[in-house]
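**Student:** In this note's numbering, the protein residues as written are 1184 to 1313.
Cβ coordinates follow ideal geometry from the N, Cα and C atoms, glycine included.
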């Protein structure tokens, strides 16, 4: 892996919340004193996603590092996204749920582009603030 890709991954690993490509570029600049064109950041993120090191959260158009860097269970990833603090929890879907979702799509002649599931809500910490 190139040094620049490692820097992008490092920024995501250090972040408590998902980051956009622009936020990643800003953090690489402040942390590593390296100016990265946004187009390059997107290409690096695409590479890191192909290597299953990061996930793109489609509902937010932001990226997170993979919570399970040592496993190959990306097809069963579920993301619990807090709308208050923007924390993201990556959890694995039960195999039965993944299968049921696929069967439902098949029954409706719908081809899934991605089995990734993103749920928006309120985390435990934020729900106790009231």
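Restricting to Cα atoms, I'd like to know which of 1245, 1310, 1220, 1240 is closest to residue 1261.
**Tutor:** Closest by alpha carbon: 1240.
**Student:** Looking at the secondary structure, which residues open and close the beta strand (DSSP E) in which residue 1304 lies?
**Tutor:** Looking at the DSSP string, the run of the beta strand (DSSP E) that includes residue 1304 is 1300 to 1304.
**Student:** Going by alpha carbons, who is nearest to residue 1236 out of 1211, 1220, 1192?
**Tutor:** Among 1211, 1220, 1192, the Cα nearest to that of residue 1236 belongs to 1192.
**Student:** I believe residue 1275 touches residue 1259 by the beta-carbon criterion, under 8 Å. Please report the beta-carbon distance rounded to the nearest angstrom.
**Tutor:** Sure, about 5 Å apart at Cβ, within 8 Å.
**Student:** Assuming contact is defined by CB atoms lying nearer than 8 Å, are residue 1246 and residue 1202 in contact in what I supplied?
**Tutor:** It is a contact, given that the beta carbons lie within the stated cut-off.
**Student:** Using a Cβ-Cβ cutoff of less than 7 Å, which residues in the same chain neighbour residue 1190 once the five nearest sequence positions on both sides are dropped?
**Tutor:** For residue 1190, where only same-chain residues beyond five positions count, the Cβ hits under 7 Å are 1211, 1215, 1217.
**Student:** In the DSSP output, what is residue 1283 paired with across the bridge?
**Tutor:** Answer by DSSP bridge pairing: none, since residue 1283 is not bridged.
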